Amino acid sequence: MKTLQARGICVRIRDHQILDTVGVELESGGVTMLVGPNGAGKSTLFKVLLGLVRPDSGFVEVDGERTRIDNEWKQRIGYLPEAVAFSENLTGQQVMRFFARARGVRPRRVEDVLERVGLTAASRRTVRGYSRGMRQRLGLGISILSKPDLLILDEPTAGLDQEGLGVLWSIIEEWQGSGRMTLASTHDLVLMERHVNTICVLRTGRVLAQGTAEDLRNAAALPHRIWLSTHPQAGAKVDLLCDAMRKWGRGRIEETEGRILAEVPSDAILEIVDIQGSFPGVVSGIRVEEPTLDRVYDRLLGAA
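Letter by letter, the sequence shown follows residues 15 to 318 in our numbering.
Below is the structure:
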């Protein structure tokens with residue numbers, strides 16, 4: 015499977031439009047992050063792809079051809095729900111074996127996956143004694159049991175500590191490296207950013223924006239923050255530099271103790287560097303902060 019496209023997906027329940035002509039495209043080795051407020055339609059889109067909800071209109075294409083959401087298709091998908099739930103009286107190993115039998119996965123794979131998600135030592139303990147993070151890792155392991163072509167992860171970082179996050183990142187990287195696809199929803203935009211290729215922003219069932227992190231930053235048109243550290247002995251020259259940047263007029267300039275903050279468009283960063291270069295001995299260091307995805311997300315939602 016090289017490409018997967020959901021085209022014009024519409025889902026209406028009674029008088030409520032859950033999804034309105036939603037389109038998402040995934041590519042081999044790609045990770046797509048689905049973000050949006052509660053009620054945006056993220057989980058419903060997952061259910062469409064999982065065959066749990068039939069859309070009123072729209073379709074799914076695989077490698078350019080329409081596909082049926084049947085049992086054969088479902089075998090190609092691994093799914094981690096937002097809230098995992100297992101029988102409290104079963105051990106982690108028993109839970110994993112149950113799902114392995116349901117998917118026709120060989121028993122040896124169960125032990126490999128338990129080790130992969132760091133649960134070998136706890137595999138013979140009942141799930142009742144598992145922490146939230148351990149349950150999440152068990153669910154993550156179940157989602158990869160059959161080595162699916164498409165991995166759907168609903169809030170995968172929830173409840174995970176640093177060790178659990180390390181397991182998650184390594185699995186995502188493994189799926190990327192093997193040419194498989196990952197579609198994940200999250201509220202941890204900053205945490206997930208470096209692991210994704212494409213971001214899709216949903217609001218009230220519609221796609222607000224879709225593209226790379228850089229595409230979304232450009233669409234939001236937020237200023238970059240430039241921190242200029244100043245030499246303690248620069249004295250009045252700091253005020254002169256601030257005055258020069260304010261007269262330049264392409265951003266907001268603020269002076270704090272030992273630093274100058276300039277908020278400017280991305281295409282003005284080099285101009286700030288040039289201006290400070292005209293005042294030798296004033297600036298001791300420069301740090302540029304691009305807008306965080308949290309800020310970009312808030313701007314895109316606010317502009318809609």
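C-beta atoms are modelled at their ideal positions from N, C-alpha and C, and glycine is treated no differently. Being a predicted model, the structure only gives us computed values, none of them experimental.
In terms of Cα proximity to residue 62, the closest of 53, 52, 54, 73 is 73. Closest by C-alpha distance to residue 147, out of 32, 129, 98, is 98.
It is roughly 31 Å from the alpha-carbon of residue 188 to the alpha-carbon of residue 33. Among the bridge pairs identified by DSSP, residue 92 is matched with 165.
Secondary structure note for residue 58: its alpha helix (DSSP H) is the uninterrupted segment 56–64. A check of alpha carbon separations from residue 64 across 122, 127, 163, 42 identifies 163 as the nearest. Contact holds between the region 19–38 and the region 66–84, because three or more Cβ pairs, one in each stretch, are under 8 Å apart.
Residue environment analysis places residue 308 among the exposed positions, since fewer than 16 neighbouring C-beta atoms fall within 10 angstroms of its C-beta.
In this structure, residue 141 keeps its C-beta atom at 8 Å or more from the C-beta atom of residue 177.
C-alpha of residue 295 to C-alpha of residue 250: approximately 12 Å in a straight line. Between residue 38 and residue 156, the alpha-carbon positions lie close to 25 Å from each other. Per DSSP, residue 288 lies in no beta strand (DSSP E); the unbroken alpha helix (DSSP H) holding it starts and ends at 283–291. Every alpha helix (DSSP H) stretch that sits fully inside the region 76–126 and reaches 4 residues is listed by chain position as 85–88, 106–117. Residue pairing by DSSP leaves residue 245 without any beta bridge partner. Cα atoms of residue 111 and residue 124: separation of roughly 6 Å, rounded to the nearest angstrom. Per DSSP, reduced to three states, the secondary structure at residue 174 is coil, with no helix or strand assignment. With respect to residue 198, residue 230 sits apart: the two C-beta atoms are not nearer than 8 Å. DSSP places residue 34 in no alpha helix (DSSP H) but in the uninterrupted beta strand (DSSP E) bounded by 30–41.
Pairing residue 165 with residue 194 gives a Cβ-Cβ distance under 8 Å. In this structure the region 211–228 does not touch the region 267–282; the number of beta carbon pairs closer than 8 Å is below three. Within the region 127–162, complete beta strand (DSSP E) segments of at least 3 residues are not found at all. When the Cα atoms are used, residue 92 and residue 305 turn out to be separated by approximately 33 Å. Note on geometry: alpha-carbon atoms of residue 170 and residue 122 lie some 25 Å from one another. Look at the beta carbons and you see the region 45–63 not touching the region 234–250: under three pairs across the two are nearer than 8 Å. Residue 100 and residue 90 have their alpha carbons spaced roughly 22 Å apart.
DSSP places residue 297 in the uninterrupted beta strand (DSSP E) bounded by 297–303. Pairing residue 104 with residue 127 gives a Cβ-Cβ distance that is not under 8 Å. Exclusion of the five residues before and after residue 283 leaves 238, 240, 302 as the residues of its chain whose Cβ lies within less than 7 Å of its Cβ. Taking the Cα of residue 313 as reference, the smallest distance to any Cα among 186, 183, 232 is reached at 232. The criterion of a C-beta distance shorter than 8 Å is satisfied by residue 278 and residue 265.
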